[in-house]
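First comes the structure, then the notes that go with it.
In this note's numbering, the protein residues as written are 23 to 401.
Listed below in structure tokens is the structure:
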């Protein structure tokens, strides 16, 4: 798209890339790989560090649950951890029907299958809205503060056990997500059915299969919950084999191929050290966002500034402005504007010995196509 400026824009036009999440990843690397074409970049909530295994996502969710700025508290986190531990213990003692009845599962015998139990416990029996945390949302469990308030009321006021409290929240969240669905609707826990859904090449509105394809062929980012981690859910119930099996069943890619794909992506982007040699890249991160674990963590303040937005979730400042926006969100937008205006007053990069090896965009696209053909010829 940069070549377009040669057709109808002024010759001194400067390009700035913006993006949040994966587009933020691309915004940063576009500037770093094409410094003479891209003048500057604003990279919001970008997972710059590419890796197969990403236990830090769920560990950050645990940290969020006790983060007082967003209404979290330590005893709230404790309820979540204790509740999942109690479910695991109950299942180990063979009380499948009790757990199924408590959480509204369609079939108690599903919990006899280890893979189903792994899916049920490993990603949490209830949602912790860390990535989507919105202080001004309306639903009763739509942010961390509201979830914690409900869990505290259920355990401290109504004297429910941690497991019972999680069930109350889980069923309420399910009812909200299902909209006008009947209260009698039950939850299907079936790992094989999940694999079949993801393996289908029929169009899906949620886009899950498209993102899964990208994780299997490029970036990984598998959010496990291991025994020795700080994950707040069922520790040891989401291991890497689950993610590898999705890649195998859905796309025919085994674990060795997935690891090789992620390594190839990392090698492609890591030919140069963006964190220490990049310039005019503004990295903006929300401290509530679990993806911030993989962000640019340090840099020269003048050339690679890093700004943390207190109490903010995943690139929340890129959303349309609302009267309910916090001051930290407003300040982040102001900072982005001022920094870009400052950089636009600077001269554009010119070809030097240091960046002469950077291909022009057309050459880079052709090289990527060649690399892709080589990679898939090997699969």
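Cβ atoms here follow ideal geometry from the backbone N, Cα and C, with glycine treated the same way.
Query                                                                                                           : Result
Bounding residues of the beta strand (DSSP E) (the contiguous stretch that carries residue 75)                  : 73 to 75
Proximity of residue 89 and residue 306 at Cβ, strictly below 8 angstroms                                       : no
Sequence-distant residues of its chain with Cβ nearer than 7 angstroms to residue 257 (five each side left out) : 247, 248, 249 and 251
Distance between residue 45 and residue 76 (C-alpha atoms, nearest Å)                                           : 19 angstroms
Where residue 489 falls, given that 16 or more other Cβ within 10 Å makes a residue buried                      : This structure gives no information on residue 489, because the portion of the chain shown stretches from 23 to 401.
For residue 145 and residue 105, the rounded distance between their alpha carbons                               : 13 angstroms
Environment of residue 110 [buried if 16+ CB atoms lie within 10 Å]                                             : buried
CB contact flag (residue 155, residue 343, <8 angstroms)                                                        : no
Proximity of residue 329 and residue 357 at Cβ, strictly below 8 angstroms                                      : yes
Residue from 218, 150, 260 and 268 whose Cα sits closest to the Cα of residue 236                               : 268
Start and end residues, beta strand (DSSP E) containing residue 79                                              : Run containing residue 79: none in the beta strand (DSSP E); it sits in the alpha helix (DSSP H), 78 to 87.
For residue 298, the three-state DSSP class (helix, strand or coil)                                             : helix
Opposing strand residues paired with residue 330 [DSSP bridges]                                                 : 307
Given residue 158 as reference, the closest of 355, 192, 348 and 366 once Cα atoms are compared                 : 348
Residue interval of the beta strand (DSSP E) (run including residue 39)                                         : 38 to 42
Own chain, CB closer than 7 angstroms to residue 71, minus 5 neighbours either side, in chain order             : 316
Contact the region 113 to 130 vs the region 42 to 61: 3+ CB pairs below 8 angstroms                             : no
Cβ contact check for the region 264 to 284 and the region 237 to 244: 3 or more pairs under 8 angstroms         : yes
DSSP-derived helix/strand/coil call for residue 383                                                             : Since pLDDT at residue 383 reaches only 45, below the 50 mark, its modelled position is unreliable, and no value is offered.
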